[in-house]
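Okay, so here's the structure we're looking at.
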Amino acid sequence: MTAPAAMIELTYRDAIREAIRDVLRRDKNVFLMGEDVGRYGGCYAVTKGLLAEFGPERIRDTPLSESGFTGAGIGAAMAGMRPIVELMTVNFSLLALDQILNTAATVRHMSGNQFGVPLVIRMATGAGRQLAAQHSHSLEGWYAHIPGIKVLAPATVEDARGMLWTALQDPDPVLIFENVMLYNMTGRLAADAGAVDIDKAVVRRTGRDISLITYGGSLWKTLEAAAALAAEDVDAEVIDLRSLRPIDDATIMTSVRKTRRAVIVDEGWRSGSLSAEICTRIIEQAFWELDVPIGRVCSEEVPIPYPRHLEIAAIPQVPKIVAAAKIALGRA
Amino acid sequence: MVEFRMPSLGADMEAGTLVEWLVKPGDQVKRGDVVAVVETQKGAIEIEVFETGRIEQILVDLNSKVPVGTPLARIRTELERKAGVALAPAAPPASVAEAPPGVLPAAPRPSRPASMAPPIATLPSVAGRARVSPAARRLAETHGVDLATVTGSGPSGAIVRADVERRLTAAPASAEKKRPTGLNLDAMRTAIAAAMARSKREIPHYYLEHQVDVTSCEQWLTRTNALRPPGGRLLMAALAAKSVAVAARRFTLFNGFYHDDKYEPASAVHLGIAIAIRGGGLAAPALHDVDQMPLDELMTRMRDLVQRMRAGRIRSSEMSNSTITVSSLGERGVDALHGVIYPPQVALIGFGKVVARPWVIDGAIGPRSIVTITLAADHRVSDGHAGALFLAEIGKLLQEPEKL
Amino acid sequence: MTAVTDKPRLSRAHALDLLKQMIRIRRFEDKCAELYTQEKIRGFLHLYDGEEAVAVGVIPVLEQRDRIVATYREHGQALVRGVPMTAALAEMYGKQQGCSRGRGGSMHLFDRATNFYGGNAIVGGGLPLSIGLALADHMRGDDIVTACFFGEGAVAEGEFHESLNLAALWGLPVLFVCENNLYAMGTALAISESETDIQRKAACYRIASEAVDGMDVVAIEAAARHAVRAVRESGKPYFLECRTYRLRAHSMFDAQLYRDKAEVEAWRHKEPIVRFKGWLEANHMIHPDDLARIEAEIEAEIAEAVAFAEGGTWEPVEQLTRFAYADEAA
Amino acid sequence: MNEADIRTVLQEELGNIAPEMDLQKLDPAADLREALDIDSMDFLNFIIAVHHRLGVDIPELDYPELVTLDGAATYLKSKLGASKS
Chain A
1 MTAPAAMIEL TYRDAIREAI RDVLRRDKNV FLMGEDVGRY GGCYAVTKGL
51 LAEFGPERIR DTPLSESGFT GAGIGAAMAG MRPIVELMTV NFSLLALDQI
101 LNTAATVRHM SGNQFGVPLV IRMATGAGRQ LAAQHSHSLE GWYAHIPGIK
151 VLAPATVEDA RGMLWTALQD PDPVLIFENV MLYNMTGRLA ADAGAVDIDK
201 AVVRRTGRDI SLITYGGSLW KTLEAAAALA AEDVDAEVID LRSLRPIDDA
251 TIMTSVRKTR RAVIVDEGWR SGSLSAEICT RIIEQAFWEL DVPIGRVCSE
301 EVPIPYPRHL EIAAIPQVPK IVAAAKIALG RA
Chain B
1 MVEFRMPSLG ADMEAGTLVE WLVKPGDQVK RGDVVAVVET QKGAIEIEVF
51 ETGRIEQILV DLNSKVPVGT PLARIRTELE RKAGVALAPA APPASVAEAP
101 PGVLPAAPRP SRPASMAPPI ATLPSVAGRA RVSPAARRLA ETHGVDLATV
151 TGSGPSGAIV RADVERRLTA APASAEKKRP TGLNLDAMRT AIAAAMARSK
201 REIPHYYLEH QVDVTSCEQW LTRTNALRPP GGRLLMAALA AKSVAVAARR
251 FTLFNGFYHD DKYEPASAVH LGIAIAIRGG GLAAPALHDV DQMPLDELMT
301 RMRDLVQRMR AGRIRSSEMS NSTITVSSLG ERGVDALHGV IYPPQVALIG
351 FGKVVARPWV IDGAIGPRSI VTITLAADHR VSDGHAGALF LAEIGKLLQE
401 PEKL
Chain C
1 MTAVTDKPRL SRAHALDLLK QMIRIRRFED KCAELYTQEK IRGFLHLYDG
51 EEAVAVGVIP VLEQRDRIVA TYREHGQALV RGVPMTAALA EMYGKQQGCS
101 RGRGGSMHLF DRATNFYGGN AIVGGGLPLS IGLALADHMR GDDIVTACFF
151 GEGAVAEGEF HESLNLAALW GLPVLFVCEN NLYAMGTALA ISESETDIQR
201 KAACYRIASE AVDGMDVVAI EAAARHAVRA VRESGKPYFL ECRTYRLRAH
251 SMFDAQLYRD KAEVEAWRHK EPIVRFKGWL EANHMIHPDD LARIEAEIEA
301 EIAEAVAFAE GGTWEPVEQL TRFAYADEAA
Chain D
1 MNEADIRTVL QEELGNIAPE MDLQKLDPAA DLREALDIDS MDFLNFIIAV
51 HHRLGVDIPE LDYPELVTLD GAATYLKSKL GASKS
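Residue numbers (this note's numbering), protein chains in the order written: chain A, 1 to 332; chain B, 1 to 404; chain C, 1 to 330; chain D, 1 to 85.
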């Protein structure tokens, strides 16, 4: 029995930087490309110090040309490189959506499997910093709609550190969404923590009475809600999806068959959201196990407003999750 | 004296480490001067001061990480120096009433407007039909549990799987003695006693009897039921109820309420169906707007009522506001029953059992199915003449069952 | 100060007004920085220090009916165009008395009364919008000019190419004003553009263009008069590159690792307020009490704006979803 | 489905109709309507339940054959036997 590795404490931001540093060291084909990733050190200071260590060829500052440099990343990947494209935030990724959908996700299938795109795209997502409507989108659900790419939502320090290497080994494009509210979060991690899987959901808290299904930034609000429910002797199970495409149906259905009640917490807008897809899958696969209608806690269908109290009211919060759970438990 | 505080430079900056002071106590500073350098996750950032005056005291030593808002130094402002007086340290710029947005000011707590309540299906249950979860429904089906005998503990009374499980464990199929659950027969007895006593005390009853040939009804029922599965079949009781309701619509003196010494005819016909409860007790729950209710629906509702009443599962909403009541003691009952009116109603129709009797038709005698219909009515409201016409109307309606 | 032929004789009153407008912006931005460190203003805050001459030189030349599209660094443009300082500051506080009902914040100041089509937080996002506004006026034959302000960072966006091409192709009355402040957030012009002489790019679309010293308010005003008259008379687009410099960080939370302090210091001596004030004093067009009066008037206006914003109220949460769509009752 | 199963179904359904009756003491040859104080409405509900559980059609004309427990059991056995030949 080898001695357990020492545990270190670091922020979610540091964990991602370590992951990038690790892959750059281990594979010379890997390079990072994005707006202000080099001299500026990254809009969220994730890549600070990497330019000095790896030089301008492998830490490439780009002009503000999202469609251009994302397409360039796709091309480089098709020609054998392993690029990591940083799109700063999902809000700006809309300018690169054509390249992601019509080339990255499609070319393997369309070329009869002659060309693949082993590309990783990282972007921040989510609201909560009062950046107003154009800078506060949560559009993971849109990307999770597209066949041909994988979509990840690391919510813990361990996943922030471990998903990148596995994603880069994947022969197809992988999108990693990092919620802006998590960068400052500190967590504990084994000093030698390495790669993790990217296709399984994880039960972060086991429980018998109700399944709370969520991902990314909302995980911590959901765990807090579960704690609040525990105080009222409700035993809630919390599932962290980790992968939004493919969705790990097995873990979801096992949980729902046990608890017979489900609430899904999704920072996207309700209509046509990822939560809508998960609801449908539960009805398709576990309808006869359900005791109550599936609950959902999503963002209000409105552009995210600047004032703090309106932004709080617009996106999922702990009280809303607790309330939805109580309705499902018949205790509203 | 004014406090120079650790500034917030970004919505996601919670603290900063003071790595360099560019001024020392006694130095003169003016608005906009860079006075210190703070290390953040974004790197070292020069911090400017927004006051003009002299640095009095440094409050934080180097390389200490302090949260945003921590006082770093004290500055004696320009005004004070001129006036030579020590102004009370200025209250932090954010007066209590207007706390910085970081702390929610006395603004309305972000209550959840109704429109934003998670729209879980909290719709009222479909009128009459208890809501059953899929899991409960499947368990009930596989074990042949009659959901009508299960009380729901789920949201707004819905039946959930645990309820069916309890029903299975609590009541094994063996025929051991079962009391109607949830019903206090003794309490019911006292209530019936009170109502009957009041009725007899206050209502001057008069009684009328009328014999009606229901042979055509029986033949119509046999023809109709032959084409239908058991679930869709009709009984005489439904025809009887419908005929009373249709007639009551026209004879308004028998369909209403008597309150505070005056009679109020009802605008609709809510027919009370008197049902004996197993093990004793009686209830007369109301079916609403029976005069307009299609026969098939009336039959299904009456069957449902009887099933639930028998098991003692009565809903409070069903116990009120009948406008007239009909009672029947069934096939093994008696020829005619003279009932007691339920206050504040003003009439009760009784149906005896159907018997084969010799009957004269067109001068010839032959066997016919005859039923005796009785009327108990409130003489404060109606007289025998009107009562007779009312009974005759019921009898006439029963001659054309297909129109009911 | 470049002597430009069609520069009108600079009256004293006009000169003082130009100076006051620039100082007014500088002091306002300074107050915003202070309020940000006290967490009164949140989210992102991009300040205009050093670029005042562009707004003050261009916007007063436009007519009331003309339209303006700006970026997230739009406080200066909004103030010069006539958006009340009270409403602008209340907006940054997030109060419902703000010019966008408190919902937009610093990066999204809108004002229908002055045809101010807002700040826009997406780099290059305003360019196609300005084409559309001009297209409508062009189709209706209205004598209206649309001025579109953007930074040199936006030049790298696809929308820059698409918009200039459409403006030239359809002959639309757009005045493109590029505020080239040498840095797109943390990326210097030299490492983001193969051709750094920005105004030369307009020639590829056959659009008349001119570069002007962004630190010389008089030169900008003259160039703006000429450009606006050209657009109004020809109905065709005009491209004005104002070469300026951003004295403060890109936004509040920026350690400026991408440029050194000596460079910033050098530009402090060439910034528009210092230059214009120096020129006025050298030509005896200004007296010390003029400056004192200007500073006092501005200080009073800012104090009133702060009081207005502090006294503002939060929009009730019940209004959250209102105006996602037009009111049915409207 | 053998006769014992049929009798269990009949016992369960009669238990639903007359919960307070002790069906163990029920004389299988006695008229159910008398023995369990069942009226036509109860009897129809009984027929509907048996039809639903055993999937056997029971026309009104056959009702007399089901008024006793034995009668009902043999009737249903023959009906089920016939249908499952």
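By construction, the Cβ of each residue, glycine as well, lies at the ideal position given by its N, Cα and C atoms. Keep in mind the model is a prediction, meaning the values are calculated, not measured.
CA-to-CA distance, residue 298/C to residue 32/B, given in whole angstroms: 17 Å
Contact under 9 Å by Cβ, residue 312/C with residue 235/C: no
At least three beta-carbon pairs within less than 8 Å, the stretch 307–325 of chain A to the stretch 222–241 of chain A: yes
Beta strand (DSSP E) segments (min. 3 residues) lying fully within the stretch 252–324 of chain A: 262–269, 295–299
Under 9 Å between C-beta atoms of residue 153/A and residue 243/A: yes
Proximity of residue 9/A and residue 189/A at Cβ, strictly below 9 Å: yes
Where residue 156/B sits in the DSSP three-state scheme: helix
Amino acids of chain A, ordered along the chain, whose beta-carbon sits closer than 8 Å to that of residue 161/B: 260, 291
Span of the alpha helix (DSSP H) around residue 5/D: 3–17
Distance CB(residue 361/A)-CB(residue 186/C) smaller than 9 Å: Residue 361/A is absent from the structure shown; chain A starts at 1 and stops at 332.
Within 9 Å, strictly: CB atoms of residue 245/C and residue 261/C: no
Minimum length 3: unbroken beta strand (DSSP E) runs contained in the stretch 103–166 of chain A: 120–125, 150–152
The stretch 240–255 of chain C: positions lying closer than 9 Å to chain B by Cβ: 249, 251, 252, 253, 254, 255
Where residue 121/B falls, given that 16 or more other Cβ within 10 Å makes a residue buried: Low confidence applies to residue 121/B: its pLDDT is 45, below 50, so where it sits in the model is not reliable, and the reading given next is rough at best. With fewer than 16 other Cβ atoms within 10 Å, it is exposed.
First through last residue of the alpha helix (DSSP H) which encompasses residue 93/C: 85–93
Residue 299/A vs residue 282/A beta-carbon contact at 9 Å: no
Cross-chain neighbours of residue 44/D in chain B, by beta carbon under 8 Å: 230, 233, 235, 303
Pair within 9 Å by beta-carbon distance, residue 175/A and residue 210/A: no
Short-range partners of chain D found in the stretch 133–149 of chain B, where Cβ spacing is below 7 Å: 144, 146, 149
Cross-chain neighbours of residue 7/B in chain C, by beta carbon under 7 Å: 37
Interface flag, residue 194/B vs chain D, CB-CB below 9 Å: no
Buried versus exposed call for residue 40/C [16 or more other C-beta atoms within 10 Å across all chains shown]: buried
Under the three-state DSSP convention, the category residue 110/C falls into: coil
Chain A contact for residue 155/B (CB, 9 Å cutoff): yes
Span separating the alpha-carbon of residue 389/B from that of residue 252/B: 12 Å
Members of the stretch 266–279 of chain C that neighbour chain A once the beta carbon cut-off is set at 8 Å: none
Rounded straight-line distance, which links the Cα of residue 96/A to that of residue 87/B: Low confidence applies to residue 87/B: its pLDDT is 41, below 50, so where it sits in the model is not reliable, and the reading given next is rough at best. Between residue 87/B and residue 96/A, the C-alpha separation is close to 58 Å.
Residues from the stretch 95–110 of chain C in contact with chain A, defined by Cβ distance under 7 Å: 102, 103, 104, 105, 107, 108
Any chain C beta carbon closer than 9 Å to residue 42/B: yes
Distance CB(residue 88/A)-CB(residue 123/A) smaller than 9 Å: yes
Three or more C-beta pairs below 8 Å linking the stretch 76–84 of chain A and the stretch 28–46 of chain A: yes
Classification of residue 49/C by the beta-carbon crowding that lies within 10 angstroms, buried from 16 upward: buried
Strand pairing of residue 83/A, partner residues [DSSP]: 31/A
Close beta carbons around residue 121/C, own chain, < 6 Å, minus the five adjacent residues each side: 72, 107
Chain A contact residues for residue 82/C, given Cβ-Cβ distances below 7 Å: The contacting residues do not exist; residue 82/C stays about 22 Å from chain A at best.
Residue-level contact to chain B via CB, residue 257/C, 9 Å cutoff: yes
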